[in-house]
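Participant: Okay, handing you the structure first.
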C-alpha cells in the first residue's frame, strides 16, 4: 500500500444516492401512494359470496364449449375465416403502403419541422383510438360488413407501422447516411441506398407481426359489425351455439400461433 | 484547386468549431490535418462538401464557389469530392458491389439505381478498382462480412469511382490496427499519385501524418496554428497544437517497414 494514502482516513461506508433527494418528498410520495391504494381497494366492493356463486355457473358455461363442433353445417365458419384473412391481408398491405410516406415524414432527421409535426399528428390521431373504436366509427360511416373492418384495421396499422418506421429511421447510423449523401445522390436515391437497407429487416418482421395483429383484431371488429370471423363468433354466441363458438376460437388460436411461428422464422431469416 | 476563405462555423449550441480558416490546396497535393479532438477537423472537411453548412466564409473548388450553390448544383458538384470515413460508413446490409456502385449515384437516374442497372462502364470500373485494392473475391459479399481493413478499401473504391478531383478523408485509420493503418495510408497515397488527386486527411496519429503527407496543417480550437512541411513538426509546434506534453518519442523518425499490400 502507498504510504501516503494509508495515512488518510477514508470512510468505510457508502450508500447509493436516493432517486428522490429530499427525504420529506420521498416519504410523502410513498405514503400518498399507499393511502390511495388502500382507499381504492376499499371503494371496490369485493363480494366473496357473489364470486363463489359464479364458479359453478362458469363451469357450466365452459362445459357447453366441449366438445367443439367443427361440423359447420351452414358453412359460416369457413366463410368468416376467409373474410377475416383477406381483411387482415389487404388492411395490412394498404396500411403499410400509407405508412411508408407518413413514417418518412415523421422521422425528424429526414423531414423539415412542419412535415414532421403533421405526420406525427396523423400517427398520434390513429393511435389515440383502439381498433374497436375505429371500427365503431367505420361501421357508422360505411355500414355493416368487412369494408368497415378493413378501414378500421388500415387506420390502426398506420398508427403502429408509421410510428415504428419513423423511430427506426431516427435511430439509424448517421454516418452511412452521410456517406451516401456525399456521393451526390438525390433524395430518393439516398432513401433507397442509405435508409432502406438499414430499416428493411425490422420492417419485414413488423409487417408479419402486424398481419398477425390485424387477424386477431378482425375478430374484435367483427363483434361491432365489421364483418369477418368476429361477426360469425358473435352470431354463434347469440344463438347459444357454444360448441360452434368454441370451434371458432380454436381455429383463431391455430391461425394466430402459426402466424407467430412464421413471423419469428422470417425475422431470423432477413437479419 | 481548393481554396477556403475565412471559413467559419458556429454550431447552434454556440460552439465555435472553425474561425476564419484560410487554406489553399494545389492540384495533387496530399495534406494531413492534425489537431486534438474537438479542434474542428471533421467540421472543416464537412464544410467543404457542405454536409455541414458553414456559417460564413467561402469554399472554391476549381474557382467555383460551392458555398452559394443551390442544392441541385451542390449535388452535382459533390461528385467531384470523394469522401472516406473513420468507421468506413459502408451501408452494411448492401453488397460490396452495391457499396462501390453507390459512388456513381450522382451520375445515374433514380430508376437505374433502384434496379441496380448501372452503365456497363461503371460496372467495369468498379471491378477494376476492387481488383486494384485486392478485393476481387469479395464482390458479392455483404459489407458487414468484411474485416476493418477490407471495409476501408471498399470505402476507398466508393470514393474513387466518383472520379473526384479531391478526396476528403476523415480519420481513415482510427479504427484500424497499426499495420493495416499503414497499408491503408500507403494505398491512399499511391492512388492519389496515380490519379493526381488532392486530398485532405484528418488524422490523429502524428507519425502517420508525417510519413504519408507532403504538407501538414495543424488545427487548434478552430484556427490554423501550423501550416508547413511534415518535418517542421518540432516539439514546440506540437505543443502549440496539442498542448504541453513530452513529444520527444513522437517525432523520432520511424522507418517505414515496407510491406506489400495484401
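Chains as they are written, first to last, in my numbering: chain W, 3 to 273; chain F, 136 to 397.
Even glycine gets a Cβ: it sits at the ideal position worked out from N, Cα and C.
A quick note: this is a predicted structure, and the numbers were derived from the prediction, not measured.
1. If residue 241(F) sits next to residue 213(F), beta carbons under 8 angstroms apart, how far is it from one beta carbon to the other, in whole angstroms?
2. Output, in chain order, the set of chain W residues within a Cβ distance shorter than 7 angstroms of residue 249(F).
3. Relative to the C-alpha of residue 252(F), which residue among 237(F), 151(F), 265(F) is closest?
4. Note down the Cα distance separating residue 398(F) from residue 216(F), rounded to an integer number of angstroms.
5. With which residues is residue 38(W) paired in a DSSP beta bridge?
6. Taking a cut of 7 angstroms between CB atoms, which residues from the stretch 165-194 of chain W lie near chain F?
7. So does the stretch 206-220 of chain W actually touch the stretch 141-159 of chain W, counting three or more Cβ pairs closer than 8 angstroms?
8. Give the interface partners of residue 114(W) over in chain F, defined as CB-CB distance under 9 angstroms, in chain order.
9. Using only the alpha-carbon positions, how far apart do residue 181(F) and residue 144(F) sit?
10. Compute the beta-carbon to beta-carbon distance between residue 218(F) and residue 181(W), rounded to the nearest angstrom, for a pair I have assumed lies under 8 angstroms.
11. Hey, does residue 205(W) have any beta-carbon neighbour from chain F nearer than 9 angstroms?
12. Suppose contacts are defined by Cβ-Cβ distances below 9 angstroms. Is residue 333(F) in contact with residue 171(F) by that definition?
13. Check the DSSP bridge columns for residue 216(F) and list the partner residues they point to.
14. Would you check if there are 3 or more beta carbon pairs closer than 8 angstroms linking the stretch 317-325 of chain F to the stretch 352-360 of chain F?
15. Go ahead and label residue 241(W) buried or exposed: buried means 16 or more other beta carbons lie within 10 angstroms of its beta carbon, across all protein chains shown.
16. Under a three-way DSSP split, which group does residue 187(F) fall into?
17. Are the C-beta atoms of residue 202(W) and some chain B residue less than 9 angstroms apart?
18. My assumption, with CB atoms under 8 angstroms, is that residue 137(F) sits in contact with residue 183(W). Please give the rounded CB distance.
19. Kindly give me the distance between the Cβ atoms of residue 152(W) and residue 93(W), rounded to whole angstroms, as I take these residues to be in contact under 8 angstroms.
20. Give a yes or no on whether the minimum CB-CB distance between residue 106(F) and chain W is below 9 angstroms.
21. How about residue 97(W) and residue 148(W): do their beta carbons lie closer than 9 angstroms?
22. What first and last residue would you give for the beta strand (DSSP E) that runs through residue 153(F)?
23. Closer than 9 angstroms, Cβ to Cβ, to anything on chain F: give me those residues from the stretch 89-117 of chain W, in chain order.
24. Starting from residue 94(W), follow the beta strand (DSSP E) in both directions and report where the run begins and ends.
25. When you compare only the Cα positions, how much space is there between residue 165(F) and residue 157(F)?
26. Could you tell me the boundaries of the alpha helix (DSSP H) in which residue 374(F) lies?
27. Can you give the Cα-Cα distance for residue 272(W) and residue 144(W), rounded to whole angstroms?
28. Exposed or buried, residue 383(F), counting other C-beta atoms within 10 Å across all chains shown (16 or more means buried)?
29. Could you pull out every residue in the same chain whose Cβ sits closer than 8 angstroms to the Cβ of residue 211(W), ignoring the five residues on either side in sequence?
30. Distance cutoff 9 angstroms, beta carbons only. Does residue 252(F) sit that close to anything in chain W?
31. Around the Cβ of residue 185(W), are there at least 16 other Cβ atoms within 10 angstroms (buried) or fewer (exposed)?
Facilitator: This is what the structure gives:
1. Locating residue 241(F) in the second chain gives position 106, where the first residue counts as 1. Locating residue 213(F) in the second chain gives position 78, where the first residue counts as 1. The beta-carbon separation of residue 241(F) and residue 213(F), rounded to 6 angstroms, stays under the 8 angstroms limit for a contact.
2. Along the second chain, one-based indexing puts residue 249(F) at 114. The answer, in chain order, is 194.
3. One-based indexing of the second chain puts residue 252(F) at position 117. Between residue 252(F) and the set 237(F), 151(F), 265(F), the nearest pair of CA atoms involves 237(F).
4. There is no way to answer for residue 398(F), as the model of chain F reaches only from 136 to 397.
5. The residue you call residue 38(W) lines up with position 36 of the first chain. According to the DSSP secondary-structure assignment, residue 38(W) is paired through a beta bridge with no residue.
6. If the cut-off is 7 angstroms between Cβ atoms, the stretch 165-194 of chain W has 177, 178, 180, 181, 182, 183, 184, 185, 186, 187, 188, 190, 191, 194 near chain F.
7. In short, these stretches touch, since the Cβ pair count reaches three.
8. Counting from one through the first chain, the residue named residue 114(W) turns up at place 112. Residues of chain F with a Cβ closer than 9 angstroms to the Cβ of residue 114(W) do not exist; the shortest Cβ-Cβ separation is about 13 angstroms.
9. Residue 181(F) sits at position 46 when you count from the first residue of the second chain. Residue 144(F) sits at position 9 when you count from the first residue of the second chain. The straight-line gap separating the alpha-carbon atoms of residue 181(F) and residue 144(F) is approximately 11 angstroms.
10. Here residue 218(F) refers to the residue found at position 83 of the second chain. Here residue 181(W) refers to the residue found at position 179 of the first chain. Indeed, because the Cβ distance is near 7 angstroms, the residues count as touching under 8 angstroms.
11. Position 203 of the first chain, counting from 1, holds the residue named residue 205(W). Residue-level contact check: residue 205(W) does not touch chain F, since none of the beta carbons of chain F fall below 9 angstroms from its beta carbon.
12. The sequence position of residue 333(F) within the second chain is 198, counting from 1. The sequence position of residue 171(F) within the second chain is 36, counting from 1. Going by C-beta atoms, residue 333(F) is not nearer than 9 angstroms to residue 171(F).
13. What you label residue 216(F) is simply residue 81 of the second chain in a count that begins at 1. Residue pairing from DSSP places residue 216(F) in a beta bridge opposite 301(F).
14. Verdict: no, contact absent.
15. The residue you call residue 241(W) lines up with position 239 of the first chain. For residue 241(W), the number of other beta carbons within 10 angstroms of its own is below 16, and it is reported as exposed.
16. As a first step, residue 187(F) is located in the second chain; it is residue number 52 there, counting from the start. Assigned with DSSP and collapsed to three states, residue 187(F) falls in coil, not helix or strand.
17. Going by chain labels, chain B is absent from the structure shown, which instead holds the protein chains W and F.
18. Translated into positions along the second chain, residue 137(F) becomes position 2. Translated into positions along the first chain, residue 183(W) becomes position 181. Cβ-Cβ separation between residue 137(F) and residue 183(W): approximately 20 angstroms, too far for a contact (criterion under 8 angstroms).
19. Along the first chain, one-based indexing puts residue 152(W) at 150. Along the first chain, one-based indexing puts residue 93(W) at 91. Right, the Cβ-Cβ distance comes to about 5 angstroms (below 8 angstroms), so this counts as a contact.
20. Here chain F has residues from 136 to 397 only, and residue 106(F) is not among them.
21. Translated into positions along the first chain, residue 97(W) becomes position 95. Translated into positions along the first chain, residue 148(W) becomes position 146. No, Cβ-Cβ distance for residue 97(W) and residue 148(W) is not below 9 angstroms.
22. The residue labelled residue 153(F) in the question sits at position 18 within the second chain. Per DSSP, the unbroken beta strand (DSSP E) holding residue 153(F) starts and ends at 151-160.
23. Hits within the stretch: zero.
24. Taking the first chain and counting its residues from 1, one reaches residue 94(W) at position 92. Careful: residue 94(W) lies outside any beta strand (DSSP E), inside the alpha helix (DSSP H) at 78-107.
25. Looking up residue 165(F) in the second chain gives position 30. Looking up residue 157(F) in the second chain gives position 22. Their backbone Cα atoms lie some 17 angstroms apart in a straight line.
26. Along the second chain, read from residue 1 onward, the residue named residue 374(F) stands at position 239. 370-377 is the extent of the alpha helix (DSSP H) around residue 374(F).
27. Here residue 272(W) refers to the residue found at position 270 of the first chain. Here residue 144(W) refers to the residue found at position 142 of the first chain. Rounded to whole angstroms, residue 272(W) to residue 144(W) spans 39 angstroms at the Cα level.
28. In the second chain, counting from the first residue as 1, residue 383(F) sits at position 248. Exposed, by the Cβ-count rule.
29. Your numbering for residue 211(W) matches position 209 in the first chain. Excluding positions up to five away in sequence, the list reads 265.
30. Within the second chain, residue 252(F) is the residue found at index 117, counting from 1. Judged by the 9 angstroms Cβ criterion, residue 252(F) is not in contact with chain W.
31. Taking the first chain and counting its residues from 1, the one referred to as residue 185(W) is at position 183. Looking at its Cβ environment, which holds 16 or more other Cβ atoms inside 10 Å, residue 185(W) is buried.
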